[in-house]
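Participant: Just so you know, the sequence shown maps onto residues -9 to 544 in this note's numbering.
All C-beta atoms, glycine included, are put in the ideal place defined by N, C-alpha and C.
In this text the structure is predicted, and so the values were computed from the model without any measurement.
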Amino acid sequence: PARYFDTKTTEPISFFLTGLEELLAWQPNSNDEFNVSAVPLAKRQPPLHSGRPRTLVCHDMRGGYLEDRFIQGSATRNPYVFYHWRYIDIFVYFSHHTVTIPPVVWTNAAHRNSVPVLGTFITEWTDGEKLCEAFLAGGEEAYGAVAEQLARIAQHYRFDGWLVNIENKLSAAAVGNLPLFLQELTARVHSAVPGGLVIWYDSVLKDGTLRWQNELNDQNRIFFDACDGLFTNYNWKEEQLERTQRLAGPRLNDVYVGVDVFARGDVIGGGFDTDKSLRLIRQFGLSAAIFAPGWVYEHLGKENFLQNENRFWGSLAEYLPTHSICTLPLTTSFSLGMGTSTFLDGKDEDSGPWYDLSAQDIQPLYPEQPGMLSTSCCLQDAWCGGSSLQLQGTIPPGEERVAVRLFSLQMPAPPKLFLTLLYKLEGPQPDDFTVALEVTTWDSGICFEGNPTSLPEPNGRYHPRFLPAPPPGLAKLLAACHRGSHGWTSRCYELELQDCSLRDLSLIVSRQQPSLQETPFTCLLGEIRVLDTASVAASPPQVQGVTASQLWWQ
């Protein structure tokens, strides 16, 4: 069927639903299975509901369902990717179809990086009015059926809830039932989807007129009270943030103040001035909804996209609280889910562009210190996948080393960790530098390294012990200890800790000789793994019950 498979290539594709009839008729079926997310939502610290302002990203690009609709990837040159997951809390996939089911590749990439994904339920114009009249004015049975279907769809495809956007006027009967519909939908999503969310977009008022408020007020509060949050329109001024803050009370973080990166209408700042909007929003302790950050790709062009993207998110970083990884193993090759080639063990196995967000790895922080350090993605060389992480910086005069914070962690340290690292030093004198990993722990009087003679480290910095060869039981898994090739260097480490809590994983670049000159360096990271020895020693479960169906020979 054309809904599930591309008519030109027969490949499975992601899809949307149009109109009330399609929504009410929806049932899961076997053609659907490609669209079910295969990646559970990874845990994070602090949790989403932890009393600090959140950041929502609403992705709206040229109507949606572009090359991202190909579930098994495509040969797209210079595609749009998003990878600053550590800096955001919620991802919304937006389009103007009635029921936007997020393409599964986005759900997989976001979940791997601890970010929940919402679809969009939208009605607009006269057709929207008729649709709302049909299900809202129809009473409890009618709106209950819509709420049930939306919750079932989120549960079935394993995404995390809905943005509800009613952009048309409503009759008195319809608007009277709207808060009840939102309550019902929210309750059903919460029970069907662990951690599920329903967010309302600032549009219709309690009397049924369509008038954007750019704030939380008495005209739209009834809808905010019925669900998990409000996403405001974009044309707000400072006094509206102040009023919103007062009215939201303890639910301050549930108001997502809209920021249109395209800066349409009368706004404080979009584009590379988006930080001005965020600064104000955070002054009032409110959450932010960044709308259409694809501006970087659409407006500035595909050519220098990765460079521009790092500049854009780097300019916002001070207003974006990050979240930490809190489970092991942590393993990543830094792949963006795209490339100009496919690399395996450092070798370019297959030249040619590819795009598959499901293949995106866990993403690091992207630290920037102007003039001192820049972190970027390198497509020209990688250990595995399509890209590596490129660190360029300088060691200041008189200093011996630079520490680059790659991941923030928040979890009890297991008694023994194995760490593996693959890297490549570039530049005129790569032999002038050494590269190592550093683990920091949260301050506590009782945490120390696991050998009996050691004392607690000052400021909790530990340098894992270099292992020339893997321990016997782990030789197969840790073949990485000496599998460097094609110019990549491979290192294995071991760290024993007692009563510690992990905090950061950093890369240390040191010079071999002290110097009064500043020394520039370039280092590519191909892979990092942090493994809990105890769980690694157990052999993984065998795959069972593999079936193949719908075979088509060419």
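Could you check the C-alpha separation between A162 and V194 for me, to the nearest Å?
Facilitator: Each residue's alpha carbon lies about 12 Å from the other.
Participant: Go through the region 54 to 136 residue by residue and report every complete run of the beta strand (DSSP E) that reaches 3 residues or more, in order.
Facilitator: The region 54 to 136 contains these whole beta strand (DSSP E) runs: 80 to 83 and 107 to 114.
Participant: What's the C-alpha gap between R67 and F511?
Facilitator: Going by the C-alpha atoms only, they are around 30 Å apart.
Participant: For L290, collect the residues of the same chain with a Cβ closer than 8 Å to its Cβ; drop the 5 residues on either side in sequence, then sort them by chain order.
Facilitator: Excluding positions up to five away in sequence, the list reads N298.
Participant: Taking DSSP as the reference, what is the three-state secondary structure of P442?
Facilitator: Because P442 carries a pLDDT of 47, less than 50, the predicted location of this residue cannot be relied on, and the following value inherits that uncertainty. DSSP places P442 in coil when its eight states are reduced to three.
Participant: Can you give, in chain order, each stretch of the beta strand (DSSP E) that sits fully within the region 380 to 428 and has at least 3 residues?
Facilitator: List check, beta strand (DSSP E) in window: 391 to 402 and 406 to 416.
Participant: What residue does the alpha helix (DSSP H) around Q273 start on, and which one ends it?
Facilitator: It spans T264 to Q273 - the alpha helix (DSSP H) in which Q273 sits, taken as one unbroken run.
Participant: Assuming V179 is part of the alpha helix (DSSP H), what are its boundary residues?
Facilitator: Run containing V179: A162 to A182, per the alpha helix (DSSP H) assignment.
Participant: Under 8 Å, do Q35 and C368 count as touching if we go by C-beta distance?
Facilitator: No, these two residues do not count as a Cβ contact at 8 Å.
Participant: With burial defined as no fewer than 16 other Cβ atoms inside 10 Å of the residue's Cβ, what is the status of D150: buried or exposed?
Facilitator: So D150 ends up on the buried side.
Participant: Can you give the Cα-Cα distance for D583 and E205, rounded to whole angstroms?
Facilitator: Summary: the structure shown does not reach residue 583, with the chain confined to residues -9 through 544, and so no result is reported for it.
Participant: Taking C-beta to C-beta, are P454 and L427 nearer than 8 Å?
Facilitator: Yes, the pair counts as a contact, with Cβ atoms nearer than the cut-off.
Participant: Is any heavy atom of the ligand FAD found at a distance shorter than 7 Å from the C-beta of L121?
Facilitator: No copy of the ligand FAD occurs in the structure displayed, which carries no ligand at all.
Participant: What residue range does the alpha helix (DSSP H) around Y287 cover?
Facilitator: Residues W285 to L290.
Participant: Check whether the Cβ atoms of L175 and L108 sit closer than 8 Å, and answer yes or no.
Facilitator: Contact flag unset, no.
Participant: In the DSSP output, which residue or residues are listed as bridge partners for G329?
Facilitator: Partner(s): W344.
Participant: Round the Cβ separation of T45 and D79 to the nearest angstrom and send it over; I've been treating them as touching at under 8 Å.
Facilitator: The Cβ separation is near 5 Å, so the contact holds.
Participant: May I ask you to report which of helix, strand or coil DSSP gives N210?
Facilitator: Here N210 sits in coil by DSSP.
Participant: N155 bridges to which residues according to DSSP?
Facilitator: I112, per the DSSP bridge assignment.
Participant: Can you name the residues that DSSP bridges to K(-2)?
Facilitator: Looking at the DSSP assignment, K(-2) forms no beta bridge with any residue, so it has no partner.
Participant: Mind checking whether N98 and V29 have CB atoms under 8 Å apart?
Facilitator: In this structure, V29 lies closer than 8 Å to N98 by Cβ.
Participant: Checking 8 Å against the spacing of the C-beta atoms, do N158 and L126 come in under that value?
Facilitator: No, Cβ-Cβ distance for N158 and L126 is not below 8 Å.
Participant: With distances taken from CA atoms, which of T8, R519 and P354 is nearest H86?
Facilitator: The option with the nearest alpha carbon to H86 is T8.
Participant: Do you know whose CA, among D256, L268 and T110, lies nearest F5's CA?
Facilitator: When each option's Cα is compared against that of F5, the closest is T110.
Participant: Let me confirm a value: W542 is counted as buried when at least 16 other C-beta atoms fall within 10 Å, else exposed. Which label applies?
Facilitator: It counts as exposed.
Participant: Assign L377 to buried or exposed, taking buried as 16 or more other Cβ atoms, counted over all protein chains shown, within 10 Å of its Cβ.
Facilitator: The question names Leu, but residue 377 in the sequence shown is Ser. Under this definition S377 is a buried residue.
Participant: Can you tell me the Cα-Cα spacing of W202 and V82, whole angstroms?
Facilitator: So the two alpha carbons sit approximately 20 Å from each other.
Participant: What do you get for S20, buried or exposed, if any count of 16 or more other CB atoms within 10 angstroms of its CB means buried?
Facilitator: It counts as exposed.
Participant: Measuring straight from C-alpha to C-alpha, what distance separates T410 and D522?
Facilitator: Between T410 and D522, the C-alpha separation is close to 12 Å.
Participant: By Cβ distance below 6 Å, which residues in the same chain neighbour R519 in space, the five residues on each side in sequence not counted?
Facilitator: Closer than 6 Å at the Cβ level, and outside the excluded window around R519, lie T321 and T410.
Participant: For the region 43 to 58 and the region 354 to 371, state whether three or more C-beta atom pairs, one from each stretch, are separated by less than 8 Å.
Facilitator: No, the region 43 to 58 does not touch the region 354 to 371.
Participant: What's the C-alpha gap between F545 and T537?
Facilitator: The structure shown does not extend to residue 545, since the chain is modelled only from -9 to 544, so the question has no answer here.
Participant: CB E138 to CB R76, shorter than 8 Å?
Facilitator: No, Cβ-Cβ distance for E138 and R76 is not below 8 Å.
Participant: To the nearest angstrom, how far is the alpha carbon of V183 from that of R148?
Facilitator: For V183 and R148, the distance between alpha carbons rounds to 8 Å.
Participant: Does the beta-carbon distance from F84 to D50 come in below 8 Å?
Facilitator: Yes, the pair counts as a contact, with Cβ atoms nearer than the cut-off.
Participant: In the DSSP assignment, find the unbroken beta strand (DSSP E) run with F511 in it and report its ends.
Facilitator: Element bounds for F511: T509 to D522.
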